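See below for the structure under consideration.
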Amino acid sequence: MKEINALTFEELLGITGFQALTIVLATVAMYAFLLVLLRVLGQRVSARLSTYDMAAIIIIGAIAGRATLGHTPTLAGGIVALLTLFSMRAVLGLLRLNPRGNSIINNPPIVVMAGTTIFPDALREAHVSENELWMALRQAGVRNDDEIAAVVLEPNGKFSVLRRGVPIDPRILAHTRGQDRIPRAFLGDKRFGDLS
């Protein structure tokens, strides 16, 4: 039996250096493709998981796993793929700390309703139906649309319901697409003493 320090890379891992590089490149490509796909489909896709969505996720995972690990998966190949995924996750986490990097990775929050006015163009852009909006309002305990100052679809696919009564600090709406659609009457500014 050979000494450990005398073993080659292939003997240690069960894969060649070229195979490891192929796994890294395939993992990066699949991860990037899925990120782009989720970005294009809109933030609501990641928030609503029906039975069909769960089935699709399982299939996507199987396809991505096969594509990254190649024809004959090995333990070493799996470890290389996982290390690559976690490394990419760490890099994207750092990138998200920068506002410009965050805007590249995540969809911005979108105002989909202001007061009693629903914005169909914003719903279409976010791939959200009006029925999903009404469901979110019910889940937030809204009984009448007169209670609403604004509804924002967040980057994580969840709805934030801002109610009337207390003026909204404009800083809360920073980087929110469509914030100019919210009537000035619902907004306040601490600098002028408009907020409670």
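Under this note's numbering, the first residue of the sequence shown is numbered 915, with each subsequent residue one higher. All C-beta atoms in this analysis are idealised placements derived from N, C-alpha and C, irrespective of residue type, glycine included. For clarity, every value in this text was computed on a predicted model and none was experimentally measured.
Tell me the start and end of each unbroken alpha helix (DSSP H) in the region 996-1038 that is at least 4 residues and wholly inside, in chain order. Taken in chain order, the complete alpha helix (DSSP H) segments of 4 residues or longer contained in the region 996-1038 are 1013-1019.
Integer Cβ distance of L1008 from T941, believed to fall under 8 Å: Incorrect: roughly 18 Å between the Cβ atoms, too far for contact.
Give the DSSP-derived three-state secondary structure of R1105 in the structure shown. Interpretation of R1105 is limited by its pLDDT of 48, a score under 50 that renders its predicted location unreliable; no figure is taken from the coordinates.
Using DSSP with H/G/I as helix, E/B as strand and the rest coil, what is A990? Of the three classes helix, strand and coil, the one that applies to A990 here is helix, per DSSP.
Straight-line gap, E1068 to G1055 (C-alpha atoms, nearest Å): C-alpha separation (whole angstroms): 18 Å.
Let's see if you can read the secondary structure: which residues bound the alpha helix (DSSP H) around N973? Going by the sequence as given, residue 973 is Ile instead of Asn. Per DSSP, I973 belongs to the alpha helix (DSSP H) from 965-983.
Classify V938 as helix, strand or coil using the three-state DSSP reduction. The DSSP-derived three-state label of V938 is helix.
DSSP beta-bridge partners for V1066? V1025, S1074.
Using CA atoms only, rank isn't needed, just tell me which of Y966, V1025, L948, I993 is closest to Q1093. Minimum Cα-Cα distance from Q1093 among the listed residues Y966, V1025, L948, I993 corresponds to V1025.
Excluding the 5 residues preceding and the 5 following S1001 in the sequence, name in chain order all residues of the same chain whose CB lies nearer than 6 Å to its CB. Excluding sequence neighbours, S1001 sits near nothing in its chain.
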